[in-house]
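> Quick note: the sequence shown, position 145, residue 236 per this note's numbering, numbers continuous. For glycine and all other residues, C-beta sits at the position ideal for the given N, C-alpha and C.
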Amino acid sequence: MFSFGMSPFFTPSALASAAAGGMLLGCAVVFKTGVLSGVLGISTYTKRLFVNPSLGRYAFVGGMIASAALTSALYGGAEHMTFSAELLTRLGVGAFFVGVGASMQKGCTSGHGLTGLARLSLRSWVAVPLFMLAGILTATLSKSASAFPPNPVVEAGLAGWHAAVIACASIATLLAILAGLSSCRQWEEQTTAVLSVLGELVIGLSFGSGLVISGMSRPSKVAAFLDIGSGAWDLSLAFVMGGALLVTFPYFQFLERLKAQEKPLLASTFDIPAKGGAVDHQLLMGAVLFGMGWGTCGMCPGPIWVNVGSAPSLQVLVALVGLLLGIGAWEVAQHHFDSTLATTTAGARHDAETASPKVDYDSMGQGLVSAAE
């Protein structure tokens, strides 16, 4: 039964935590691009942990998990889900679709949302509204808010939102220190690799803390945002995106329009995808699948990793396995499609070459057609 109403946990304190956590996420995104180059996308990090592993990527994910555990212990925000076969199925299936969808659309809420929207990328401005709509429809129809009810004790423990400000100031200080160290060009040859790994670690610490503080790591908060028919709609997560874009939007506009920064501090060039990518069926289908999965399990790639640290349990393990299987399934399917296409194209080219008649020309310029070889 559809019932519209606002959540009692949609409070000024919750909004402050959401915005502060979002700004912390934005700082991590800006630091990734400005210091290390590249785009901060959790689904891409997850895939490359296995496809193209590196110490830096392990440092990032490890930092996310560690900061989530520490932030939850000091600040609160850990959410322990109930145990049932129905919930495990919802988590596994939902996370699987999140993995497939993120791989198909080549991004998730971090890559498309925090970076793509700030860069005014057409693909992101198509993908984000589409997966939001799919998530809302899925969560509302499947009653996700009932599957992930909010914990009043956890919500009450988040009232001291000043902790979010303290956490933001602490992480911002770490970022500033590392940026200062990385700008010492006379050390660059000896320390670039070490600073890059350290940078990934700090970014992971910042991103994990931001997810916990903002509430985005809690499936109940996400479900309350996406399930608009639960009678307890919670708009807090809109302020997470708003807080992040307050940081990322000015940076990317200055970076790309005014060329305010020639190159990252620890890289020779900016490794940022072009904004002119095609809006194709793969992007559209990926966004729909991602939104369906997000609306079903209440978690996207970042929060799944964060919950490994803040609320480790069988439920989180099922979601993580589902995510990895989804990413892997699309990689296998894409490899199969590419191989099939390459074989088909090569076969068609060979058939065309063997079927074409061989033409010789005599001295008068007239074509003398002989049988094909």
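1. By Cβ distance below 8 Å, which residues in the same chain neighbour L131 in space, the five residues on each side in sequence not counted?
2. For the alpha helix (DSSP H) containing L119, name the first residue and the last one.
3. For K354, is the classification buried or exposed, using 16 other Cβ atoms within 10 angstroms of its Cβ as the cut-off for buried?
4. Please go through the same chain and pick out, in chain order, the residues whose beta-carbon is closer than 7 Å to the beta-carbon of M195, but skip the five residues on each side of it.
5. Rounded to whole angstroms, what's the CA-CA distance from A230 to L328? Just pull it up for me.
6. Excluding the five sequence neighbours on either side, which residues of its own chain have a C-beta within less than 6 Å of the C-beta of P310, listed in chain order?
7. Taking Cβ to Cβ, would you say S404 is nearer than 8 Å to M172?
8. CB A169 to CB A402, shorter than 8 Å?
9. Sort F95, V399, P99 by Cα distance to P243 and report the nearest one.
10. Determine whether the beta carbon atoms of L183 and G384 lie at a separation below 8 Å.
11. In the region 360-433, which residue ranges form an unbroken alpha helix (DSSP H) of at least 4 residues, counting only runs that do not cross its ends?
12. In this structure, how does DSSP classify F300 when only helix, strand and coil are distinguished?
13. Count the CB pairs spanning the region 210-217 and the region 361-373 that are closer than 8 Å, and state whether there are at least three.
14. The alpha helix (DSSP H) with P341 in it runs from where to where?
15. Just to confirm, is the Cβ distance from L127 to S287 under 8 Å?
16. For P394, is the classification buried or exposed, using 16 other Cβ atoms within 10 angstroms of its Cβ as the cut-off for buried?
17. For M195, which of helix, strand or coil comes out of DSSP?
18. Keeping to the same chain, check which residues put their C-beta closer than 6 Å to that of F330; ignore five residues upstream and five downstream.
19. Between A157 and G400, is the Cβ-Cβ spacing less than 8 Å?
20. Would you kindly work out how many angstroms separate the C-alpha atoms of P103 and L115, rounded to a whole number?
21. On the DSSP bridge assignment, give the partners of W324 in chain order.
22. According to DSSP, is R210 helix, strand or coil?
23. Considering only C-alpha positions, which residue in the set L317, A335, Q425, V285 is nearest to L302?
24. Can you check whether the CB of E291 is closer than 8 Å to the CB of A150?
25. Out of L356, A218, L165, which one is the CA nearest neighbour of V370?
26. Please say whether S321 and S233 have beta carbons closer to each other than 8 Å?
27. Beta-carbon within less than 7 Å of Y136's beta-carbon, same chain only, minus the 5 sequence neighbours each way: which residues are those?
28. If you follow the alpha helix (DSSP H) that T137 is part of, which residue opens it and which one closes it?
29. Using C-beta distances below 6 Å, list every residue in its chain close to F188, excluding the 5 sequence neighbours before and after it, in chain order.
30. Spatial neighbours of V397 within its chain, please: CB distance less than 8 Å, with the 5 preceding and 5 following residues excluded, ordered by chain position.
31. I need the boundaries of the alpha helix (DSSP H) containing P310, first residue and last residue.
With the structure as the only source:
1. In the sequence shown, residue 131 corresponds to position 40, counting from 1. Closer than 8 Å at the Cβ level, and outside the excluded window around L131, lie A119, V120, K123, T124, S201, G202, L205, T206, I294, F298.
2. The count along the sequence shown starts at 1 and reaches residue 119 at position 28. Here residue 119 turns out to be Ala, not Leu, going by the sequence shown. Taken as a continuous stretch (DSSP letters only), the alpha helix (DSSP H) holding A119 covers 103-122.
3. Translated into the one-based positions of the sequence shown, residue 354 becomes position 263. Exposed is the call here.
4. The residue given as residue 195 occupies position 104 in the sequence shown. So the qualifying residues of the chain are Q373, M376, G377, L380, W421.
5. One-based indexing of the sequence shown puts residue 230 at position 139. One-based indexing of the sequence shown puts residue 328 at position 237. Distance between the alpha carbons of A230 and L328 is about 15 Å.
6. The residue labelled residue 310 in the question sits at position 219 within the sequence shown. Within the same chain, P310 has close Cβ partners F239, G389, M390.
7. The sequence position of residue 404 within the sequence shown is 313, counting from 1. The sequence position of residue 172 within the sequence shown is 81, counting from 1. Taking 8 Å as the Cβ cut-off, S404 and M172 qualify as a contacting pair.
8. As a working note, residue 169 is residue 78 in the sequence shown. As a working note, residue 402 is residue 311 in the sequence shown. For A169 and A402, yes; Cβs fall inside 8 Å.
9. Locating residue 243 in the sequence shown gives position 152, counting from the first residue. Checked all of F95, V399, P99; the closest Cα to P243 is P99.
10. Here residue 183 is taken as the residue at index 92 of the sequence shown, counted from 1. Here residue 384 is taken as the residue at index 293 of the sequence shown, counted from 1. Residue 183 is actually Gly in this sequence, not Leu. No, the Cβ-Cβ distance between G183 and G384 is not below 8 Å.
11. 372-388, 392-401
12. Position 209 of the sequence shown holds residue 300. This sequence places Ser at residue 300; Phe is not what is there. The answer is helix: DSSP assigns S300 an H, G or I state.
13. yes
14. Locating residue 341 in the sequence shown gives position 250, where the first residue counts as 1. Residues 327-348.
15. By one-based count along the sequence shown, residue 127 stands at place 36. By one-based count along the sequence shown, residue 287 stands at place 196. Cβ distance < 8 Å, so L127 and S287 count as in contact.
16. Taking the first residue of the sequence shown as position 1, residue 394 is located at position 303. Answer is buried; the Cβ neighbour count reaches 16.
17. Locating residue 195 in the sequence shown gives position 104, where the first residue counts as 1. M195: helix per DSSP, three-state reduction.
18. For this step, residue 330 is matched to residue 239 along the sequence shown. Taken in chain order, the residues that qualify are L106, A109, A110.
19. The residue labelled residue 157 in the question sits at position 66 within the sequence shown. The residue labelled residue 400 in the question sits at position 309 within the sequence shown. Yes, they are a contact pair.
20. By 1-based counting over the sequence shown, the position of residue 103 is 12. By 1-based counting over the sequence shown, the position of residue 115 is 24. Between P103 and L115, the C-alpha separation is close to 18 Å.
21. Walking along the sequence shown from the start, residue 324 turns up at place 233. Beta-bridge pairing links W324 to M97.
22. Position 119 of the sequence shown, counting from 1, holds the residue named residue 210. Correct three-state label for R210: coil.
23. By one-based count along the sequence shown, residue 302 stands at place 211. Of the listed residues, the one whose Cα sits closest to L302 is A335.
24. As a position in the sequence shown, residue 150 is number 59, starting the count at 1. As a position in the sequence shown, residue 291 is number 200, starting the count at 1. Yes.
25. Counted from its first residue, the sequence shown places residue 370 at position 279. Of the candidates L356, A218, L165, the one whose C-alpha sits nearest the C-alpha of V370 is A218.
26. As a first step, residue 233 must be located in the sequence shown, where it is residue number 142. As a first step, residue 321 must be located in the sequence shown, where it is residue number 230. No, the Cβ-Cβ distance between S233 and S321 is not below 8 Å.
27. As a first step, residue 136 is located in the sequence shown; it is residue number 45 there, counting from the start. Answer for Y136: R148, F151, V152, listed in chain order.
28. Locating residue 137 in the sequence shown gives position 46, where the first residue counts as 1. 133-142 is the span of the alpha helix (DSSP H), which, as asked, contains T137.
29. On the sequence shown, residue 188 is found 97 positions in, with the first residue counted as 1. The residues are L380, M383, G384.
30. On the sequence shown, residue 397 is found 306 positions in, with the first residue counted as 1. Result list for V397: M155, I156, A159, G299, L302, V303, S308, in chain order.
31. Here residue 310 is taken as the residue at index 219 of the sequence shown, counted from 1. Taken as a continuous stretch (DSSP letters only), the alpha helix (DSSP H) holding P310 covers 310-317.
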